[in-house]
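Chains A and B, in that order, are what the protein sequence lines are. Per the working numbering, the very first residue in the first sequence carries number 216; after that it's consecutive. Per the working numbering, the very first residue in the second sequence carries number 216; after that it's consecutive. Beta carbons are placed, not taken as given, at the ideal position from N, Cα and C, and that holds for glycine.
2 protein chains.
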Amino acid sequence: MRALTVTPGIAGSGTLRDVPTPERSPGEVLVRTLAVGICGTDREILEGHYGASIAGHEHLILGHESLGEVIDAPEHGELKPGDLVVGIVRHPDPVPCEACAQGEWDMCRNGRYTEHGIKELDGFCAEYFRMDPHFLVKLDPGLRDAGVLTEPASVVAKAWDHIERIGQRTSSWRPRKVLVTGAGPIGLLASLLARQRNCELHVYDRDQGDAKRRLVSELCGQYHNDSLEAACALGADVIIECTGAAVVMAHVIGNNAPGAIVCLAGLSSGSHRIPYDFARLNRDLVLENDVIFGSVNANRRHYQLAAAALASADRQWLLRLISRRVPLADWHTALEHHPDDIKVVIDFLK
Amino acid sequence: MRALTVTPGIAGSGTLRDVPTPERSPGEVLVRTLAVGICGTDREILEGHYGASIAGHEHLILGHESLGEVIDAPEHGELKPGDLVVGIVRHPDPVPCEACAQGEWDMCRNGRYTEHGIKELDGFCAEYFRMDPHFLVKLDPGLRDAGVLTEPASVVAKAWDHIERIGQRTSSWRPRKVLVTGAGPIGLLASLLARQRNCELHVYDRDQGDAKRRLVSELCGQYHNDSLEAACALGADVIIECTGAAVVMAHVIGNNAPGAIVCLAGLSSGSHRIPYDFARLNRDLVLENDVIFGSVNANRRHYQLAAAALASADRQWLLRLISRRVPLADWHTALEHHPDDIKVVIDFLK
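#1: Under a Cβ-count criterion, where at least 16 other Cβ atoms within 10 Å of its own Cβ denotes burial, should A/N514 be classed as buried or exposed?
#2: Are there 16 or more other CB atoms within 10 angstroms of the CB of A/H331, so buried, or fewer, so exposed?
#3: By a C-beta neighbour count over all protein chains shown, 10 Å radius and 16 as the cutoff for buried, is A/C340 buried or exposed?
#4: Can you list the residues of chain B that A/P367 reaches, using a CB-CB cut of under 7 Å?
#5: Sort B/P311, B/G338, B/E503, B/R530 by Cα distance to B/Y328 and report the nearest one.
#6: What does B/T570 touch in chain A if you count any residue whose Cβ is under 7 Å from its own?
#7: If we cut at 7 Å on Cβ distances, does B/L358 have a partner in chain A?
#8: Taking a Cβ distance cut-off of 8 Å, strictly less, list which residues of the stretch 472–494 of chain B are near chain A, in chain order.
#9: Please give the ranges of any alpha helix (DSSP H) in the stretch 485–539 of chain A, keeping only runs that are unbroken, at least 4 residues long and fully inside the region.
#10: Grouping DSSP H, G and I as helix and E and B as strand, with all else coil, what is A/S281?
#11: Taking the beta carbon of B/V462 as the centre, do at least 16 other beta carbons fall within 10 Å, making it buried, or is it exposed?
#12: What residue range is occupied by the uninterrupted alpha helix (DSSP H) comprising A/L231?
#13: Name the DSSP beta bridge partners of A/R305, please?
#14: Buried or exposed: where does B/K295 fall if 16 or more other Cβ atoms within 10 Å of its Cβ makes it buried?
#15: So, is the C-beta of A/V501 closer than 7 Å to a C-beta in chain B?
#16: Return helix, strand or coil for A/F563, following the three-state DSSP convention.
#17: Is DSSP giving A/C315 helix, strand or coil here?
#18: Closer than 8 Å, Cβ to any Cβ of chain A: which residues of the stretch 503–525 of chain B, in chain order?
#19: Distance, Cα to Cα, A/R516 vs A/G338?
#20: Looking at C-alpha atoms only, which residue of B/Q411, B/L404, B/V467 is the closest neighbour of B/L536?
#21: Per the DSSP calculation, A/T548 is bridged to which residue(s)?
#22: Between the alpha carbons of B/K558 and B/G424, how many angstroms are there, rounded?
#23: Whether or not the stretch 496–503 of chain A and the stretch 458–473 of chain A are in contact is what I'm after, with contact meaning three or more pairs of Cβ atoms, one per stretch, closer than 8 Å; do they touch?
#24: Find the residues of chain B that neighbour A/A461, judging by a C-beta separation of less than 7 Å, and give them in chain order.
#25: With a threshold of 7 Å between beta-carbons, can A/R391 be considered close to chain B, or not?
#26: Can you give me the Cβ contacts of B/R305 inside the same chain, cut-off strictly under 6 Å, excluding the 5 residues immediately before and after it?
#27: Quick check on B/M464 - is its C-beta less than 7 Å from some C-beta in chain A?
#28: Have a look at B/A372 and B/C435 and give me their C-alpha separation to the nearest angstrom.
#29: Which partner residues does A/E415 have in the DSSP bridge list?
#30: Using DSSP's beta-bridge definition, name the partner residues of A/A267.
#31: Is the Cβ of B/I381 closer than 7 Å to any Cβ of chain A?
#32: Report the rounded CA-to-CA distance for A/T365 versus A/S281, giving the unit in angstroms.
#33: So with CB distances below 7 Å, who are the chain A contacts of B/H377?
#34: Helix or strand or just coil, what does DSSP make of B/F344?
#35: According to the Cβ coordinates, are B/E433 and B/W546 closer than 7 Å?
#36: Quick check: the stretch 239–251 of chain A against the stretch 284–294 of chain A, are at least 3 beta-carbon pairs closer than 8 Å?
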């Protein structure tokens with residue numbers, strides 16, 4: 216079968232390669248790939264900055280945002296041939312830490328997890344893949360091609376899960392006014408989940424195009440692309456930072472409502488020193504009981520929350536997040552930056 | 216009766232003054248003051264930087280860390296003459312915000328709370344005070360003069376309550392290794408509560424004297440006064456920052472264990488700009504699911520937690536936190552900085 220592989224650490228080593236098709240195996244599920252979403256992590260791996268293959272293997276099959284159809288599954292299990300499924304990216308180490316031992320591998324404390332398409336496990340960008348059913352999540356069949364958004368939605372479902380659990384430190388808390396910074400796929404899915412909670416929604420992004428503005432306005436949210444300061448001055452009590460830009464992070468953590476919860480869901484790269492008044496930040500955090508927290512990855516429960524959130528969303532809106540679909544043979548065009556790109560997907564049916 | 220009063224905004228205006236003794240009043244509790252603790256906020260008010268008197272009043276009675284004995288109480292209530300009590304500092308506005316309406320005035324969202332001895336309510340540094348019984352907390356009589364530590368302990372009880380509630384974002388969490396920065400009364404009481412939770416305890420303070428080191432070692436904790444970097448390198452999963460120093464805060468938020476919860480309980484003053492790598496902080500927070508939060512004040516539930524924590528502590532250890540007791544007539548000596556000072560108390564029985 217064809218698979219998109221990379222030699223981790225070597226820039227430009229991404230290539231389509233023929234690899235053995237996985238066989239049916241008792242206790243496991245064989246999945247035919249329908250689509251794989253491409254994100255910044257894939258770009259970093261293709262540029263040689265990140266990623267690790269299975270010990271002893273030269274190549275790593277890329278891809279962690281999956282959508283597939285079950286071809287073969289263990290009898291009497293939850294999954295049946297024809298089911299629409301998504302693979303869970305992270306797996307715990309066989310000798311798990313306390314968090315991994317309880318299925319909370321997103322909170323892994325010793326860093327010995329593995330990740331499909333990223334870290335010591337082959338990814339989903341191949342015509343077939345085989346999985347332990349515990350690491351597959353069944354989707355509502357009505358989602359169809361929008362199901363490829365489940366993995367990014369799982370990241371956002373975890374972020375919201377933690378926002379709400381942290382909010383429970385007080386009995387009077389509920390999320391009201393939400394500011395999302397960054398209107399990429401993560402920011403827009405975070406916005407969707409904000410609206411599913413009936414929050415007033417504000418989205419900040421520097422993009423001047425129409426696509427993102429329209430997607431936000433279809434959620435009855437307000438799109439702000441003029442000034443971050445003005446967006447922060449609205450006094451959101453939940454801020455979900457999805458740009459990963461150090462200057463945006465530095466601003467939002469100190470400019471929000473009393474009792475605000477700031478979730479950092481975007482990842483910064485490199486180094487970015489900013490002169491910053493920590494005495495002022497201290498007073499803002501302490502006197503207003505504010506919280507800042509980081510969130511990464513997702514466990515099975517979050518994938519299930521994501522699948523439910525997507526199933527109850529407007530499918531047409533979800534499909535508009537997928538700005539381009541390219542056939543596997545043209546995988547390299549998926550990495551190009553086109554204006555109005557949001558989520559680009561490799562479509563295995565094309 | 217004698218009371219220590221100040222004219223808010225005027226440095227050096229602190230003075231002992233004769234004021235009318237409060238009368239017995241139906242539905243209210245009359246309390247004879249036994250002791251009042253002095254803290255940094257009192258100093259700021261006496262220096263004219265902070266504080267507000269009741270509308271229309273020139274003077275504010277100082278003091279918010281109280282200990283008293285009930286003289287008169289409504290019949291059939293919880294409190295009886297002779298009971299040891301502490302007054303709750305913050306009161307909600309008559310038109311409360313959502314948090315205040317649920318008794319969570321420590322999370323007040325509109326800033327319209329009042330505070331005894333600080334903001335628009337007379338304090339406890341007078342021979343008698345009168346209170347609504349709902350704002351008095353009954354102490355274990357065995358605590359006796361150590362009960363004056365209840366108010367600072369309530370601040371710490373809230374901090375720990377929020378640490379534990381935030382920790383519940385994952386089912387596998389429990390506090391293990393705790394680093395407390397700053398071994399003043401707040402830091403030492405936070406340390407006591409860490410040990411009551413069976414945590415490994417590390418305390419960082421620059422003080423080279425013996426008193427703080429001994430108090431920490433009596434809790435079976437380790438005292439570090441050499442290097443903050445070395446203390447942070449121990450990888451605490453709970454950090455309680457009690458110095459309010461911007462440089463300490465800036466260091467601890469980026470140097471801790473995966474999944475760490477950093478509670479800021481110390482308040483910075485002024486302005487302190489530090490060049491800081493926010494890209495690195497972002498990665499530390501996001502990839503490790505870290506939390507930073509601020510905590511201020513305490514509600515009735517936290518006072519009750521504090522009273523229980525003090526009642527189950529070693530009373531001799533608690534009394535060693537009180538480094539000096541001065542009579543009301545010598546109140547100004549309570550403000551002096553003596554070596555080995557921890558908590559200085561104005562003793563109304565002296």
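Reading it off the structure:
#1: buried
#2: buried
#3: buried
#4: Residues of chain B passing the Cβ test: none, with the nearest at roughly 15 Å.
#5: B/P311
#6: Nothing can be reported for residue 570 of chain B: it is not among the residues displayed for chain B, which extend from 216 to 565.
#7: no
#8: A472, P473, G474, L479, A480, G481, L482, S483, S484, G485, S486, H487, R488, I489, P490, Y491, D492, F493, A494
#9: 493–502, 515–526, 530–536
#10: strand
#11: exposed
#12: Segment 230–233 is the beta strand (DSSP E) holding A/L231; no alpha helix (DSSP H) there.
#13: A/E330
#14: exposed
#15: yes
#16: coil
#17: helix
#18: E503, N504, D505, V506, I507, F508, G509, S510, V511
#19: 21 Å
#20: B/L404
#21: None, per the DSSP bridge assignment.
#22: 15 Å
#23: yes
#24: F493, A494, N497
#25: no
#26: W320, Y328, E330, N512
#27: yes
#28: 20 Å
#29: A/K392
#30: A/K334
#31: yes
#32: 8 Å
#33: R384
#34: strand
#35: no
#36: yes
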